[in-house]
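Participant: Position 153, counted from 1, in the sequence shown is what UniProt numbering calls 153; the numbers after and before it change by one each time, with no gaps.
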Amino acid sequence: MTANMEKKNKLGHFKKISVTIPEIINLNVGGRKFTTSKNTLCSISDTFFTAMLMGGIPSYRDDSGAIFIDRDPDLFSIILNYLRTNKLHNVNEHNIDSLMDEAKFYSITPLVKKLELRGNLLSTPTCVKQMIPFDRGLAVVFNHLIKFYFFSDNNGWKCGFDFEYHSGEIELVDFVLESSSVRQFLIAIYSKEISLWKNGDYLQHNNNQFNDPPHNNIDPYRPRRVPIEICSLFKFVEIGNYNLKNCRVDSLFFIRSQLVTLCTKKGRIGIWKNSRLFEQDLKENDDSVCVITAFNKTMMDYLFLCSNHGVIYLIDMQKLPFRLSDGDLLINEFYKDPDGEEITAISCLCSVCWRFNLHHCSHCPTEIAYGTKSGTVHILVQNPETQFQELQLFRTIQVHLSPIWKIMLDQEYLMTMCTKLHARTWSLVRFRGMISTQPGLKPQSNFAIRYSGHGLDTIHDIGPYGHQEGMKQVFVEIPYCDCNYANIIYASNGQKICTLESVDGSKITSVCGLSIDIRDRRFIFTGHENGNVQVWDLNPAMKRKIKENRPNEKS
1 MTANMEKKNK LGHFKKISVT IPEIINLNVG GRKFTTSKNT LCSISDTFFT
51 AMLMGGIPSY RDDSGAIFID RDPDLFSIIL NYLRTNKLHN VNEHNIDSLM
101 DEAKFYSITP LVKKLELRGN LLSTPTCVKQ MIPFDRGLAV VFNHLIKFYF
151 FSDNNGWKCG FDFEYHSGEI ELVDFVLESS SVRQFLIAIY SKEISLWKNG
201 DYLQHNNNQF NDPPHNNIDP YRPRRVPIEI CSLFKFVEIG NYNLKNCRVD
251 SLFFIRSQLV TLCTKKGRIG IWKNSRLFEQ DLKENDDSVC VITAFNKTMM
301 DYLFLCSNHG VIYLIDMQKL PFRLSDGDLL INEFYKDPDG EEITAISCLC
351 SVCWRFNLHH CSHCPTEIAY GTKSGTVHIL VQNPETQFQE LQLFRTIQVH
401 LSPIWKIMLD QEYLMTMCTK LHARTWSLVR FRGMISTQPG LKPQSNFAIR
451 YSGHGLDTIH DIGPYGHQEG MKQVFVEIPY CDCNYANIIY ASNGQKICTL
501 ESVDGSKITS VCGLSIDIRD RRFIFTGHEN GNVQVWDLNP AMKRKIKENR
551 PNEKS
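(1) Buried or exposed for Gly375, please, with buried defined as at least 16 other CB atoms from any protein chain shown within 10 angstroms of its CB.
(2) Using three-state DSSP, classify Ile397 as helix, strand or coil.
(3) Are the CB atoms of Gly527 and Ile508 within a distance shorter than 9 angstroms?
(4) Is the distance from the Cβ of Pro133 to the Cβ of Phe475 below 9 angstroms?
(5) Mapping the DSSP letters down to three states, classify Ile508 as helix, strand or coil.
(6) For the candidate residues Val140, Glu178, Ile170, whose alpha-carbon lies nearest to that of Asp162?
(7) State the CB to CB distance for the pair Leu391 and Val381, rounded to an integer number of angstroms; the pair is presumed to be in contact (CB under 8 angstroms).
(8) Pair every Cβ in the stretch 104-113 with every Cβ in the stretch 71-90, then say whether three or more of these pairs are closer than 8 angstroms.
(9) So Arg544 is in the alpha helix (DSSP H); what residue range does that whole segment cover?
(10) Run the CB neighbour count on Ser492, radius 10 Å, all protein chains shown included, and call it buried at 16 or more, exposed below.
(11) Would DSSP call Gly65 helix, strand or coil?
(12) Note the first and the last residue of the continuous beta strand (DSSP E) segment covering Ile449.
(13) For a test of the three-state rule: what should DSSP assign to Ala491, helix, strand or coil?
(14) Who are Ser191's beta bridge partners in DSSP?
(15) Beta strand (DSSP E) containing Ser307: first to last residue?
(16) Closer than 8 angstroms is the cut-off here; do at least three beta carbon pairs connect the stretch 248-265 with the stretch 327-343?
(17) Under the rule that 16 or more other beta-carbon atoms within 10 Å means buried, what is Lys472, buried or exposed?
(18) Which value, in whole angstroms, describes the spacing of the CA atoms of residue 556 and Lys38?
(19) Per the DSSP calculation, Asp281 is bridged to which residue(s)?
(20) Have a look at Lys297, Asn296, Asn308, Tyr302 and flag the residue whose alpha-carbon is nearest the alpha-carbon of Glu284.
(21) Name, in chain order, the residues that DSSP records as bridge partners for Asp316.
(22) With a CB to CB cut of under 6 angstroms and the five nearest residues on each side skipped, what residues in its chain are close to Lys266?
(23) Could you compute how far the alpha carbon of Lys192 sits from the alpha carbon of Gly168?
(24) Got a sec? Which residues, its chain only, sit under 7 angstroms from Trp426 by beta carbon, not counting five neighbours each side?
(25) Out of Glu23, Arg61, Lys373, Leu196, which one is the CA nearest neighbour of Trp405?
(26) I'd like to check one pair, Val511 with Ala486: are the Cβ atoms closer than 9 angstroms?
(27) Please say whether Ile368 and Ile292 have beta carbons closer to each other than 9 angstroms?
(28) Would you identify the three-state DSSP class for Thr40, choosing helix, strand or coil?
(29) Please report the straight-line C-alpha distance between Tyr221 and Met317, rounded to a whole angstrom.
(30) How big is the Cα-Cα spacing for Cys418 and Pro58?
(31) Do the CB positions of Ile269 and Leu314 come within less than 9 angstroms of each other?
(32) Do you know offhand how far Lys545's Cα is from Asn539's?
(33) Taking Cβ to Cβ, would you say Ile44 is nearer than 9 angstroms to Thr36?
(34) Between the alpha carbons of Phe210 and Glu178, how many angstroms are there, rounded?
(35) Look up Ile379 in the DSSP assignment and give the residues it is bridged to.
Quick look at the structure:
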């Protein structure tokens, strides 16, 4: 009897307090102000918020009268959005552990259960982490597995072989196809340390099993095509591993058969060549260490590195990239920004560095466009007549109010995008392959990419996808995390081409694009949380879009 009376008195006390609580509640979480309603905070019972509003937990107020909570505001915004919509957005493998701690602190039991399920889904090997296209092929990266797919006109896409990695979870990966005729790969994987692997041992030890018969009418220099069944028997052998002096690797990529690793925050550069590793810090005047803010490897023979001091450095990868005297890398100061601003993005274009000829020629014009932290874009040009002189500043444009995040210079357009995901494009007029000064750059369009995330670290690779030689480049727009559809839009004008919706309704975890020169095929690949990869051919949608833009054209 007494217990029931105490329970009734307690409930009555809470009801009296709830009547005095205003409908609009102002919160100060970690210094950031939030405004919400009482119904939103009390939408789930038995939480930190219900106890706080009922007086069960002491609360403190700031000078403006808002309730102060000393927690992370970015994570709180995700939790508040969950209380409003009962949906979970902007959750990825980088913030799920921290978000789990916050959900436990606020005692939101349904959210904790959802995050536990989401964490198990992200940690399983079925989730596609990354996809890397190569010449008529695709590599699909999981946590501990890489699957290689090859495309042929007769058989379509088929899995050639797998590569299993059990030493740890794959964080970064890149590879180079050393021999396309026998599909011999050199793979670099970063997981706490960098390890290099090579396949083809089966081919070397069993070369006689699939050699062509010695007929006189067979060309001995004809490349051999190895069957997929034989490729699946190849074994990968580890040929080396190293650390970048205990620096965390941010970028890892091949330039031909040379592996380049970068620690951008500490300005550390490592180049692996011929079983030797060469390391060096990017320094200005041999004093202060520069932060690597952007890089470009499009021209294949050259690696451009940009620093926070406004300097573009050049490493000639075609020559020996180190000094024989002391073993240091040959890093040359290529160009310095007139205002010394931090360079945040760079794009290079050589008119002969097309998809059929990746070698740079000094007799052809070289064009470089780069963007700075203040939103300024500079275009540099080096003509064949002035190849032994320094680059000439062709044009300076004040285009954005935020730092430049992406920039792309191709044969027809210049595209820039700032960190607010706002893009602008200009059309180019060329004369004999060089940018013409008259009429110069002409504004084409401006548009924005939709994304509801809180930072560019969590965004997918939006592109642009496609060649720089005048072919239509596209962006892949995924409006929010854990979305099951993607919008394909033109990078030149922002027009929407089509929407790719997941066939099985699964959420998209990674995106990449591939253009195959034969028959001008354009593919978009979407990797999903259940391990599936869906292949989309953009040609029909792009042709339909062209007809819509030209209604008078005969079909």
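Note that the Cβ used here is the ideal one computed from N, Cα and C, for glycine as well.
Facilitator: In this structure, then:
(1) Position 375 of the sequence shown, counting from 1, holds the residue named residue 375. Per the 10 Å Cβ criterion, buried.
(2) Residue 397 sits at position 397 when you count from the first residue of the sequence shown. Strand, per DSSP.
(3) If you number the sequence shown from 1, residue 508 lands on position 508. If you number the sequence shown from 1, residue 527 lands on position 527. Their beta carbons are under 9 angstroms apart, which means Ile508 touches Gly527 by this criterion.
(4) Mapped onto the sequence shown, residue 133 falls at position 133. Mapped onto the sequence shown, residue 475 falls at position 475. Not in contact: Pro133 and Phe475 (Cβ atoms no closer than 9 angstroms).
(5) Counting from 1 along the sequence shown, the entry for residue 508 is found at position 508. Ile508 falls in the strand class under three-state DSSP.
(6) Within the sequence shown, the letter at position 162 stands for residue 162. Out of Val140, Glu178, Ile170, Val140 has the C-alpha closest to the C-alpha of Asp162.
(7) In the sequence shown, counting from the first residue as 1, residue 391 sits at position 391. In the sequence shown, counting from the first residue as 1, residue 381 sits at position 381. Sure, about 7 angstroms apart at Cβ, within 8 angstroms.
(8) yes
(9) On the sequence shown, residue 544 is found 544 positions in, with the first residue counted as 1. That run of the alpha helix (DSSP H) goes 539-549.
(10) Position 492 of the sequence shown, counted from the first residue, corresponds to residue 492. Ser492 comes out buried.
(11) If you number the sequence shown from 1, residue 65 lands on position 65. DSSP places Gly65 in coil when its eight states are reduced to three.
(12) One-based indexing of the sequence shown puts residue 449 at position 449. From DSSP, Ile449 is part of no beta strand (DSSP E); its letter is neither H nor E.
(13) Locating residue 491 in the sequence shown gives position 491, where the first residue counts as 1. Ala491: coil per DSSP, three-state reduction.
(14) To locate residue 191, count along the sequence shown from 1; it is residue 191. Its beta-bridge partners are Glu193.
(15) Numbered from its first residue, the sequence shown carries residue 307 at position 307. 302-307 is the extent of the beta strand (DSSP E) around Ser307.
(16) no
(17) By 1-based counting over the sequence shown, the position of residue 472 is 472. With 16 or more Cβ atoms within 10 Å of its Cβ, Lys472 is classed as buried.
(18) Nothing can be reported for residue 556, as the shown portion of the chain is limited to 1 through 555.
(19) Locating residue 281 in the sequence shown gives position 281, where the first residue counts as 1. Its beta-bridge partners are Arg268.
(20) Here residue 284 corresponds to residue number 284 of the sequence shown, with the count starting at 1. Of Lys297, Asn296, Asn308, Tyr302, the residue nearest in Cα terms is Asn308.
(21) Along the sequence shown, read from residue 1 onward, the residue named residue 316 stands at position 316. Partner(s): Tyr302.
(22) The residue given as residue 266 occupies position 266 in the sequence shown. Result list for Lys266: Cys247, in chain order.
(23) Looking up residue 192 in the sequence shown gives position 192. Looking up residue 168 in the sequence shown gives position 168. Cα to Cα, Lys192 sits roughly 8 angstroms from Gly168.
(24) Walking along the sequence shown from the start, residue 426 turns up at place 426. Here the set comprises Tyr413, Leu414, Leu441, Lys442, Pro443, Gln444.
(25) For this step, residue 405 is matched to residue 405 along the sequence shown. Out of Glu23, Arg61, Lys373, Leu196, Lys373 has the C-alpha closest to the C-alpha of Trp405.
(26) By 1-based counting over the sequence shown, the position of residue 486 is 486. By 1-based counting over the sequence shown, the position of residue 511 is 511. Result yes, Cβ atoms of Ala486 and Val511 sit closer than 9 angstroms.
(27) The residue labelled residue 292 in the question sits at position 292 within the sequence shown. The residue labelled residue 368 in the question sits at position 368 within the sequence shown. Contact flag unset, no.
(28) For the purposes of this step, residue 40 is taken as the residue at position 40 of the sequence shown. It is helical.
(29) The residue labelled residue 221 in the question sits at position 221 within the sequence shown. The residue labelled residue 317 in the question sits at position 317 within the sequence shown. Here Tyr221 scores only 29 on pLDDT, less than 50, and its place in the model is too uncertain to base an answer on.
(30) As a working note, residue 418 is residue 418 in the sequence shown. As a working note, residue 58 is residue 58 in the sequence shown. The straight-line gap from Cα to Cα measures roughly 44 angstroms.
(31) Translated into the one-based positions of the sequence shown, residue 269 becomes position 269. Translated into the one-based positions of the sequence shown, residue 314 becomes position 314. Cβ atoms of Ile269 and Leu314: not closer than 9 angstroms.
(32) Here residue 545 refers to the residue found at position 545 of the sequence shown. Here residue 539 refers to the residue found at position 539 of the sequence shown. Between Lys545 and Asn539, the C-alpha separation is close to 10 angstroms.
(33) Looking up residue 44 in the sequence shown gives position 44. Looking up residue 36 in the sequence shown gives position 36. Result no, Cβ atoms of Ile44 and Thr36 do not sit closer than 9 angstroms.
(34) Within the sequence shown, numbered from 1, the residue matching residue 210 stands at position 210. Within the sequence shown, numbered from 1, the residue matching residue 178 stands at position 178. Low confidence applies here, because Phe210 scores a pLDDT of 35, under 50, leaving its location unreliable; read the following figure in that light. In a straight line, the C-alpha of Phe210 is about 19 angstroms away from that of Glu178.
(35) By one-based count along the sequence shown, residue 379 stands at place 379. For Ile379, which the question treats as bridged, DSSP gives the partners Ala369, Arg395.
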